[in-house]
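Residue numbers (the numbering used here): 8 to 429.
From the three backbone atoms N, C-alpha and C, an ideal C-beta is built for every residue, glycine too.
Structure first, then comments.
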RNA sequence: GUGAGCGUAGCUCAGCCGGUAGAGCACCGGAUUGUGGCUCCGGAGGUCGUGGGUUCGAGUCCCGCCGCUCACCCCA
């Protein structure tokens, strides 16, 4: 570990070339599924006015209180590197006026920033694919969006992720419930541990997650959010469940499932894996029917989700999935004048679109060049020496199979490879 | 923000009760002047994260700092 030299900023990681084929594969599959459901890409800025996040995510959430990369722009205005994508997407939707033209379905992909302590599956710069639909209140959409995420995960070969589901009801119902729960917990405060007492003030719903047996006993008799839902939300939730049942998608109702952002209403869902360490959520989302209005737009129901790409790629890697692209088809060994190699390589690329050809450059013995051809993973070594140059041909050596090597004219080579190259 | 574990070659790591630096892989060269992968031989590469302390002597023991990892918290 080099102590000299400049290191990357803590929690900001490089995606190295060994990894990027897997990223590209994941991104391509996800994009195809999104487009198959009528979503269109929107590209959003990484920097927004701080106010946007304070008003959407919620003043008292961890994200806003202690995790945002916030600083003053040179004109003295407070700006923030986006900690999540929904707020910016809603802002752009309102600003462009598109939210009331039909029922826009949008998706985006890119880095998000949160100043947390890094650990497995948690970085300060991480990447999400997000999608949102505006203007549709019906439960069919909730179900369709969940089915779409199920399709993505299936298309990527991930069959061991579990779906968790809950409903948070309307903000009013949730606030009323929170009062009841807090009152109940205060009566049993002596049986709560320190951690739960703290959450009593910040987020009492979280106490359902406590691992302390004594606390769990208290929670077993606690009032439940699902019993406290307003009638319309309860019905909405029933419809979502029925549609998922009908589609054959398994889920588990988790009354403790609470999204960390204040703007969620009604349906919330989360895809969880056991293979990711303590941060098991790969994909999560829910309704946010009040957010557009809260940010200054006309009242507009909405729903969305975010999928964590680092976590997804970690799962794919763990499953041994194959990535996109691959090593060069061929490596050109140059044992003659240095200009000849580049010239030949260009002619081959002209004749064979899609060819992945690496041409040797710089010094290097014949032997060293062949070794490099082998090491780079190329199927063939192309050898260009004085003899080939004189006879206007090229030696093609099969580095992987039994074909050995032979000399071919350039036209012959192109003809042979035209079908082989993808 | 809190806690625990770990920092030795490019990478993965060994290094005992303190005696002055090692392996495998990767890299370069040779055995084979135009033939890689296997084998053999050789080479290069380290202020042992950093600063202090103890000691005749510290990679090894003690303390501070920095970094990484995992967990808590929280979340994608």
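query: Taking 8 Å as the limit between beta carbons, can you name the residues of its chain near residue 379, skipping five residues before and five after?; result: 338, 367, 371
query: Is the beta carbon of residue 144 closer than 8 Å to that of residue 21?; result: no
query: Would residue 285 and residue 126 be called neighbours here (beta carbons separated by less than 8 Å)?; result: yes
query: With distance defined between alpha-carbon atoms, name the residue in 212, 350, 421 nearest to residue 391.; result: 350
query: In angstroms, rounded to a whole number, what distance separates the CA positions of residue 6 and residue 246?; result: Because residue 6 is not part of the residues shown, which for the chain are 8 to 429, the question remains open.
query: If contacts are defined as beta-carbon pairs under 8 Å, then residue 262 and residue 215 qualify, I think. What distance do you get, rounded to the angstrom?; result: 7 Å
query: Assuming residue 57 and residue 86 make a contact with CB atoms under 8 Å, what is their CB distance in whole Å?; result: 6 Å
query: For residue 114, count neighbouring C-beta atoms within 10 Å of its own C-beta (all shown protein chains included) and say buried if the count is 16 or more, exposed if not.; result: buried
query: Buried or exposed: residue 173, going by 16 or more other Cβ atoms within 10 Å of its Cβ?; result: buried
query: On the DSSP letters alone, give me the boundaries of the beta strand (DSSP E) that residue 141 sits inside.; result: 132 to 141
query: Is the number of C-beta pairs between the region 300 to 312 and the region 357 to 366 that are closer than 8 Å three or more?; result: no
query: Tell me, which residues are paired with residue 171 by DSSP?; result: 259, 277
query: Just the Cα atoms here: how many angstroms apart are residue 151 and residue 42?; result: 14 Å
query: Roughly how many whole angstroms lie between the Cα atoms of residue 196 and residue 153?; result: 38 Å
query: How should residue 23 be labelled, buried or exposed, when 16 other C-beta atoms within 10 angstroms of its C-beta is the threshold for buried?; result: exposed
query: Are three or more beta carbon pairs between the region 340 to 355 and the region 180 to 192 nearer than 8 Å?; result: no
query: Is residue 365 helix, strand or coil when you go by DSSP?; result: strand
query: Using only alpha-carbon positions, find the residue among 30, 318, 155, 48 that is nearest to residue 279.; result: 318
query: Does the region 219 to 230 come into contact with the region 270 to 279, if we say contact requires no fewer than three beta-carbon pairs (one atom in each stretch) closer than 8 Å?; result: no
query: Please say whether residue 188 and residue 229 have beta carbons closer to each other than 8 Å?; result: yes
query: Less than 8 Å between the C-beta atoms of residue 165 and residue 326, yes or no?; result: yes
query: Can you give the Cα-Cα distance for residue 118 and residue 202, rounded to whole angstroms?; result: 32 Å
query: Please report how far the alpha carbon of residue 335 lies from the alpha carbon of residue 210, in whole angstroms.; result: 54 Å
query: Rounded to whole angstroms, what is the Cα-Cα separation between residue 116 and residue 393?; result: 51 Å
query: What did DSSP end up calling residue 412 once you bin it into helix, strand or coil?; result: strand
query: On the DSSP bridge list, what partners appear for residue 424?; result: None; residue 424 has no bridge partner.
query: Could you check where the alpha helix (DSSP H) with residue 234 kicks off and where it finishes?; result: Neither: residue 234 is in no alpha helix (DSSP H) and is coded neither H nor E.
query: If we ignore side chains and look at the alpha-carbon of each, how far apart do residue 171 and residue 260 end up?; result: 6 Å
query: For the putative contact between residue 340 and residue 388, defined by C-beta atoms under 8 Å, what is the C-beta separation to the nearest angstrom?; result: 6 Å
query: Could you check if residue 219 belongs to the surroundings of the ligand NAP, using beta carbon to heavy atom distance under 7 Å?; result: For the structure depicted, the ligand NAP is absent and the ligand set is empty, with no information on it obtainable.
query: For residue 36, which residues from the same chain have a beta carbon less than 6 Å from its beta carbon, with the 5 sequence-adjacent residues on both sides left out?; result: 162, 163
query: What is the residue span of the beta strand (DSSP E) that residue 405 lies within?; result: 401 to 405
query: Residue 20 lies in the alpha helix (DSSP H); which residues open and close that run?; result: That residue, residue 20, is in no alpha helix (DSSP H); it is neither H nor E in DSSP.
query: Please go through the same chain and pick out, in chain order, the residues whose beta-carbon is closer than 8 Å to the beta-carbon of residue 414, but skip the five residues on each side of it.; result: 395, 398, 400, 401, 402, 403
query: Which of helix, strand or coil does DSSP assign to residue 155?; result: helix
query: Return the chain-ordered list of same chain residues with a C-beta closer than 7 Å to the C-beta of residue 269, the five sequence neighbours on each side being excluded.; result: 64, 65, 68
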